[in-house]
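Protein chains in written order, with our numbering: chain A, 1258 to 1566; chain B, 767 to 1450; chain C, 566 to 883.
Beta carbons are placed, not taken as given, at the ideal position from N, Cα and C, and that holds for glycine.
No experiment lies behind these values; they were computed from the predicted model shown.
Okay, so here's the structure we're looking at.
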Amino acid sequence: MTFVLRRLGSAVPVVLGITLVAFLLIHAIPGDPATTILFGANASTEQIAALRTQLGLDRPLLTQYLDFLSQLIHGDLGTSYLTSNSVAHELLSRAPSTIVLAVAAIVVAVVVGVPLGLAAGARPGTVLDQVARGVSFLGVAIPYFFLALLLVLLLSVRLDWLPAIDDGTPKGLILPAVSLGWGYAAILTRLVRGRIIEEYRSEYVRSARARGCGEWRVLLAHALRNSSIPAITTIGLQFGNILTGAAITEVIFGRAGLGSFLATSISNKNIPVVQGAIVVIGIGYVLINLVVDLVVGAVDPRTRLAGAR
Amino acid sequence: MSLLEVVGMRTEIETRTGRVRPVDDVTFRVEAGETLGLVGESGSGKTMTGMSIIRLLPPGGAVVGGSVRFDGVDLTTLDDDAVRRLRGNDIAMVSQDPMTSLNPTRTIGSQLREAYRIHRPSSRQEADRRAVEVLELVGMPRPRERLGAFPHELSGGMRQRVMIAIGLVCEPKLLIADEPTTALDVSIQAQILELLDDLKRRLSMAVVLITHDMGVIAGHADRVAVMYGGRIVEQAGTRALFADPQHRYTEALFESMPDLELDRQVDLATIPGTPPRLVGLGAMCRFAPRCRFAQDDCRSVDPALVEVTPDHEHACFHPRGTATVALEDPGRRRRTGERSDADAQTVLEVTDVHKRFGLRPKRLFGPKRAVHAVSGVTLQVRAGETLGIVGESGCGKTTIGRMLVGLERPTDGSISFEGQTFRGMGRLTFRRRRRDLQMMFQDSAAALDPRMSVAALVAEPLAAQQVGTRAERQATVAELLDAVGLPADAAGRYPHEFSGGQRQRIAMARALALGPKVVVADEPVSALDVSVQAQILNLMRSLQDRFGLTYVVISHDLSLLKYLADRIGVMYLGRLVELGTSEEVYAAPRHPYTAGLIASIPRPDPTRPRSPAVLGGELPSAVDPPSGCRFRTRCPLATQRCADELPLLLPDDGHHAVACHYPLTGSRPAGPHLDLQLQGTEQR
Amino acid sequence: MTVPLLAGARPAVRARGGLGRLVPVITVVFFLVLLLAPGLLSRTGPIDTTDAFLSPPSAGHWFGTDQLGRDVLSRTVFGARPVLAASLLGVVVAVVAGVALGVAAGTAPRWLNAVLMRVVDVLLALPVLLIALILIATAGSGVRSIVIALGVAFTPGFARVVESSVRKLRTAEYVQAAEVFGSTALRTSVRHLLPNLMTEVVVLASSAVGWAVLTASTLSFLGLGVQLPQPDWGSDLAAGATSLATSWWLATFPGLAITVTILLANFSGDQLMTLLDPREGVRLKQSLPRLLGRRPARAVHPGTTTDPVPTVEKEAAS
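Written out as structure tokens, the structure is:
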């Protein structure tokens, strides 16, 4: 219990920090938001000034930040400059498809990467191991957007097995998920393989064998447990990147989602949206890692003793 | 027919540096119900022998020759799966380090159940029942509760009991115990060894006891096989071996052990050199390079095991007892000169020192917790003497050592050097005074920066204190290396290229670089083989005589300190419980703990009657130590007074002092007749 | 897909013998050529147009030409510069910032350490691409912005690893030994902490290069790198993506170039990791001759000597 509280405790400053960065970053962008909003309308200087006051942009920064914070606590991420809808609404309506893609990529990564790493680690030096290492080496090197293009070229255009543009069906999810997930599968393979090799060298594995545990048992009941921890942790750490990768992959595959929305928002200097996105993604990342830490604490009881990181 | 018959077993391992043969033509047998001791130093192949029996070899390893007959069946002819079925079933193995031998992420209950259900298909309840049964068998208190515990929640002794329990769960006929007590405190060691004997009798098991400790062998093995360089060099019944060792190695081993009856003024006999690496050895007696009695035939022909008297074999061409031309015995140095004691000046003074390490509170806003590492220690170190501080893990001896050299500051109390307190000195003065107070660390590999050459390492203190010019420092380095017995070309090499004993010499040279007055040595030889230990101990003594050093030696090894130290302080859970000359403390211990400790030391004397382990129970927590006398929870003489009133260390006039309300009369020698009422192993 | 997985990764490939050793050398040479003298590898210039529009790979144009008749081989060769420059500079920035932050946090008192590590956490939590996009909007696109974005992305990873290393090193026995013989804190840091740290940092940096290339090309793929008509792998890839079905060579070669570069960087990084494996107790300077093929001096193994007893006795005679 203390463990949980401690972790939560160290998460709070991080969340605050994220909001601060989100706030400051936007205000670093040159160009006045009010001018941007009224751009096409040939507004007069007074009108622009009036809008500025209305938006609260002429108050001292600290006040603006505190306002921003209090709004956040109430769940209000602001209003989009362009559509006057709430930012929360804009983001949330487009988020699901991106999140689905991110999750699908993670599934691909785990389902492909972990067993491959296990198999390679349990039998280092064999052909399977060489193949696994080679594939993972390649997987880490090839950029996912390039892989996406190649897969599309091969499987869509030439062979027409899978749709190139997302058509909303699960089938349409396959190519994007695979191109994004492949690289992470490669990372997991390397990681798991390395850990398994290490665990196999440890004393407790030898003791397990001395009790009569067969190879399968040693791998699954003993080594796997201790090797899964870094794998879980990695997924957590990479989550932010997976999400943004999903956003980009969406654009390539023509899926409607956060990706294109954020891109246009940035070029339109639609500050509230971008701020909201940073805050949401950042907090999401912190939460995910909190969950990861708790899971790790459940799997490996020693970490609970160590307390906060 | 013997239960286990190993004939000509050979094991090879492919490594990057070549093909190593750790087990080379090994033959021995074990009868049902007896304990065979397999003794040797590191690199002798004893562990590999044990593992080869059940084919538990590292990758690249294989048993390449010989036969292993267990209960009539030759194990080498069986396939892997058949051998696997034997493991944990008919043949069980317990290894050295219980900390790493248990899966840290699984409860001990699940590991016990697994050990059972692999071989006996059963339900979870049945497995649990058996687990509880077996935990009771090994003397674990409240077994049912412990099933859900994780390994790190148990103490070392408890973990080892769990390991043994896991081994016994299917009632094996043979138990291979690989250094089962080496990682444990002496008092716990005695308990575990006694437990093993007890279990052996009750379950009619045979035991192969692998160890490097002759004392353990003497007390617990029926027959002994001595291994060296992958071979068995001598095999006999225990008494016969100790009474009349034949092989020159066995003889040398006995001579170099610092046992309690040794004359303190004479240097230890040593075995020069170090054990061989097991790669690419030609036909020869493996011990020949280090043997004083080696002749030409020893260096060119493999000696075979020959039975000279019934049940006593050895593999030596010129065994003890034959008149052999030997190289000149360098003789053992006898210390000259009177070494003054009571009128010597006090060099270091520790006054009522406390050290507490803060801990995170258990609950978020709970009370502050602390580890009471040292609680009120007072002692004086006199010029020119060797003061030994002995105790088991957690007693605070290492902390005291670190405080003496200024690595830790006392939370309360003070330490003064030559009259000035550490606190009283300014920072600059303290830095200069540090030249006189040096330390030798326990782990020589960790204490030497792996990226620095030996010359740089030894010269570093001089450079740090800005002493001398470059050239002068080089000259000092050369002198020091010579003084510690290292060749001159060692200067350009790196620590990882040296053996443990040699690294300890480097550490010594470095400690001496600034010409200190006091050297604190923390477990200087505990990580070394017996034959190498003697070399280092002799070196320490000769350096002391040469440079007029004062030593504070910290160790868990009483026999070592009895030999090395003039005075000994015994610590228990942060307090000094006894302080006197080493003869006094040994011959007539006054504190029950000291007496128990002495009784727990395994003696290399099989004729001594085996007394039950005197110190029962476990070490209490240092975070929440018992009130009053901290030893009272394990002491047979404890009364209510011991809980209420803290015993002080008396007399404080420098004579044999003890901190106990009911000190032993101490007039009888610490032999088998301790005047303690024996209480068995009940815990409090 | 960016922030590198620093620490904990084991070399996936242990190359055998001489061949493996050559690769890092080749890689370094290759990178240098691409950075400093790309003209050596390509006859034509990357922005010179010709009349051969969209022609597939042929003898005249090994990689084909694009819609303006520019030689794709040339564009690929010259397109390395922005990516490599940005990646290497980005890693350097991240190393410097990360080490500084890590050392500061590792040697700081508890409260300061907590503050600094929270800052690191915040940096880690920020999605790199988003930050990069915003930075671009602020500072304009180009190599400089990518370098800053890479710096921000990789610094926290380095800082974390360095911080935990420093904390571990501070409790190392040889550091404590230095304290005992009166070494000042500064001297200990310089003579002990830094050298041991550097090995680890070098290893990390080499594995970060691959990730940096990946990130940099992702950013330029999104149009945040150099602008057309300057050649750049990422932007060329993006430009060629639309005509993938018809003119596959436009996108494929830049993509392959990225992949090969990352492969080489990772492989070299692994080689370096193996060489500097602390288990072998090797120093940086010692590895150089090893890298170039010379075997290290034979380690003395006590005990194999079958010297007659007197020499060995000398050791014990003191």
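Looking at the backbone, the Cα of A:R1463 and that of B:P1011 are separated by about 35 Å. One alpha carbon belongs to B:Q1001, the other to B:A991, and they sit about 4 Å apart. Look at A:Y1441 here: in three-state DSSP terms it is helix. Cβ-Cβ distances below 8 Å link B:G1003 to D988, R989, V990, D1077 and H1078 in the same chain, with the five nearest sequence neighbours on each side left out; the list follows chain order. Those residues of the region 752–764 of chain C placed with their C-beta closer than 9 Å to a C-beta in chain B are R752, T753, R756, H757, P760, N761 and T764, ordered along the chain. At the C-beta level, A:P1353 and C:L779 stay beyond 7 Å of one another. Boundaries of the alpha helix (DSSP H) around B:G933: G922 to L934.
Per DSSP, B:Y1260 lies in no alpha helix (DSSP H) segment and is marked neither H nor E. Taking 7 Å as the CB threshold, C:G790 stays off the interface with chain B. A straight-line Cα-Cα distance of about 12 Å links B:A1089 and B:F1083.
Inclusion of B:P1368 and B:G985 in the CB contact set at 7 Å is warranted, their separation being smaller than that value. No Cβ of chain A is located within less than 7 Å of the beta carbon of C:L601. Around the Cβ of B:K1134, a 10 Å sphere holds fewer than 16 other Cβ atoms; the residue is exposed.
For the pair B:S1182 and A:I1538, the Cα-to-Cα distance works out to about 59 Å. When beta bridges are read from the DSSP output, B:L1309 appears opposite no residue. In this structure, DSSP gives A:Q1311 a helical state, which the three-state scheme calls helix. In the structure shown, B:S1180 adopts extended strand secondary structure according to DSSP, grouped into three states. Under the 7 Å criterion on CB atoms, B:I1181 is classed as non-interfacial with respect to chain A. Close CB contacts of A:F1325 within its chain, under the 6 Å cut and outside five residues either way in sequence, are with F1280 (chain order). Within the region 772–817 of chain C, complete alpha helix (DSSP H) segments of at least 4 residues are found at 798–806, given in chain order.
Its Cα nearest to that of C:G667, the residue C:V731 stands out among C:V593, C:V731, C:A602 and C:T817. Below the 9 Å Cβ cutoff, chain B contributes no neighbours of C:F618, its closest Cβ being approximately 58 Å away. Put simply, the CB of B:P870 is near chain A, with a gap under 7 Å to one of its CB atoms. Within the DSSP bridge table, the entry for B:V990 names B:G803 and B:A1002 as partners. Under the criterion of beta carbons closer than 8 Å, B:A1279 and B:L1228 qualify as touching, at roughly 5 Å. In the structure shown, A:S1459 adopts coil according to DSSP, grouped into three states.
Judged by beta-carbon spacing, B:L804 lies within the 7 Å limit of B:I976, meaning their Cβ atoms are closer than that value. Annotated three-state conformation of B:P788 is strand, per DSSP.
Beta bridge pairing from DSSP links B:M859 with B:I942.
Boundaries of the alpha helix (DSSP H) around B:I954: V952 to L969. With a threshold of 16 other beta carbon atoms within 10 Å, B:E937 falls short and is exposed. With a cutoff of 7 Å on beta-carbon distance, B:E1021 and B:A1035 are scored as near each other.
DSSP, read as helix, strand or coil, puts C:D636 in strand. Under DSSP, B:E1073 takes part in a beta bridge, and its partners are B:E1079. Contact of C:N831 with chain A by beta-carbon distance below 8 Å involves F1394, V1397 and A1398.
In this model, A:R1309 and A:H1331 are separated by some 23 Å (Cα to Cα).
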